[in-house]
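Everything below concerns the one structure shown next.
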Amino acid sequence: MFLRAADRAAPGSGPGFLAANRLALIALAIGLALLYVPTVIDFIHGPWRGDRNSHGPIVLALSAWYFYFQTRRLRGQGETFVVRPAPVAGWAVMLLGLAAYVLGRSQSIALLELGSLLPVLLGLALVLVGPAIARRYWFAFFLLLFAVPLPASIVDVITQPMKLAASWGAEYLMYALGYPIARAGVILQIGPYQLMVADACAGLNSLFTLEALGLLYMNVVRHESVFRNIALAILIVPISYCSNVIRILILALLTYHLGDDVGQGFMHEFSGMALFLTALMLIVGVDGLLRTASQRWDRWRGKEAA
Numbered sequence: 112m113f114l115r116a117a118d119r120a121a122p123g124s125g126p127g128f129l130a131a132n133r134l135a136l137i138a139l140a141i142g143l144a145l146l147y148v149p150t151v152i153d154f155i156h157g158p159w160r161g162d163r164n165s166h167g168p169i170v171l172a173l174s175a176w177y178f179y180f181q182t183r184r185l186r187g188q189g190e191t192f193v194v195r196p197a198p199v200a201g202w203a204v205m206l207l208g209l210a211a212y213v214l215g216r217s218q219s220i221a222l223l224e225l226g227s228l229l230p231v232l233l234g235l236a237l238v239l240v241g242p243a244i245a246r247r248y249w250f251a252f253f254l255l256l257f258a259v260p261l262p263a264s265i266v267d268v269i270t271q272p273m274k275l276a277a278s279w280g281a282e283y284l285m286y287a288l289g290y291p292i293a294r295a296g297v298i299l300q301i302g303p304y305q306l307m308v309a310d311a312c313a314g315l316n317s318l319f320t321l322e323a324l325g326l327l328y329m330n331v332v333r334h335e336s337v338f339r340n341i342a343l344a345i346l347i348v349p350i351s352y353c354s355n356v357i358r359i360l361i362l363a364l365l366t367y368h369l370g371d372d373v374g375q376g377f378m379h380e381f382s383g384m385a386l387f388l389t390a391l392m393l394i395v396g397v398d399g400l401l402r403t404a405s406q407r408w409d410r411w412r413g414k415e416a417a
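If you want my numbering, it's the 1-based position in the sequence shown plus 111.
Below you can see the structure in the form of structure tokens.
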């Protein structure tokens, strides 16, 4: 359990920090809500509404859930944590975050407005419980980075090669299937129809979301194998690429056989959701294969050692 500052000298002898400071924590939560709920609402109707940053609310919800999950995990472990606040470092980090929030909110700089949530929460954690306990929540802070909208100039630099690669993959598969296909950059010509691979099909937003979900999955499952964690994190990138190539392929086939209204209508949005779920299942399946390979490797090393 967590201990109050007054109980530091006798670890394990005081009431839990959460129970003893419930009213103060509720007041802080209300203050954070007053600051950032309007920001979240504005982002839902603004930057997160477009295809480029549509992963933002999902990642923010995952980060909030992990804060809750990690708190439950620490309380359930029955360990004793001594609260050693770091007020100087905490206030410095929190004031820096608040300054970024004021600047971002007043000047409509999305990167600063939402990005300020990370130093504000980290500063509060340092002031309240100290670095030892705040370190236990490092992954939740890390997830917040995925929710912050990147500047358009950076996104364009990243998405352009991804669009070219996805277009090339879809062209190669359709040519192998015998369809009349030609490509000029990110524009696909299939029969009488001309399709342009947009930013949404480039896979950047799905890559961010899948990477965040994959890292969350690894943190919750708590794999002990470092190789397995690194391999799964790296393999999420080709899984995301393959899912987006398949999405482009399906939309091109629907357009070719059923017309442009079908390919660009409801099925366009539905294919994105379906292939995203498919990518999640692929992540779990790849993790199962890595587990089997890791177990066989451990058995082989045991035999070699014997």
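Just so you know, even glycine gets a beta-carbon here, dropped at the ideal spot from N, CA and C. As the structure is a computational prediction, the values presented were derived from the model and not from experiment.
query	result
Per DSSP, which residues does ARG294 bridge with? Please list them.	LEU299
Sort out for me which residues DSSP pairs TYR304 with in a bridge.	ILE301
Measure the C-alpha to C-alpha separation of ALA281 and LEU275 and round it to an integer number of angstroms.	10 Å
For PRO158, which residues in the same chain have their Cβ closer than 8 Å to its Cβ, ignoring the five residues on either side in sequence?	ASN164, GLY167, ALA221 and PRO260
Can you list, in chain order, the stretches of the beta strand (DSSP E) that have 3 or more residues and sit fully within the segment 207-274?	none
Can you grab the Cα-Cα spacing for the pair GLY125 / ASP153, in whole Å?	Unreliable placement is indicated for GLY125, whose pLDDT of 33 sits below 50; the coordinate value is still reported in the next sentence. Each residue's alpha carbon lies about 43 Å from the other.
Residue range of the alpha helix (DSSP H) that HIS368 falls in?	337-369
Beta carbon of LEU324, beta carbon of LEU173: below 9 Å?	yes
In this structure, how does DSSP classify SER396 when only helix, strand and coil are distinguished?	Looking at the sequence itself, residue 396 is Gly, so the reference to Ser does not match. Looking at GLY396 - three-state DSSP - the assignment turns out to be helix.
Output needed for ALA363: all residues of its chain with C-beta closer than 7 Å, excluding positions within five of it in sequence on either side, in chain order.	ALA281, MET285, LEU299, ILE301 and LEU306
Roughly how many angstroms lie between the CA atoms of ALA236 and TYR147, to the nearest whole one?	17 Å
Please determine, among ILE265, LEU321 and GLY226, the residue with the shortest C-alpha to C-alpha distance to LEU207.	GLY226
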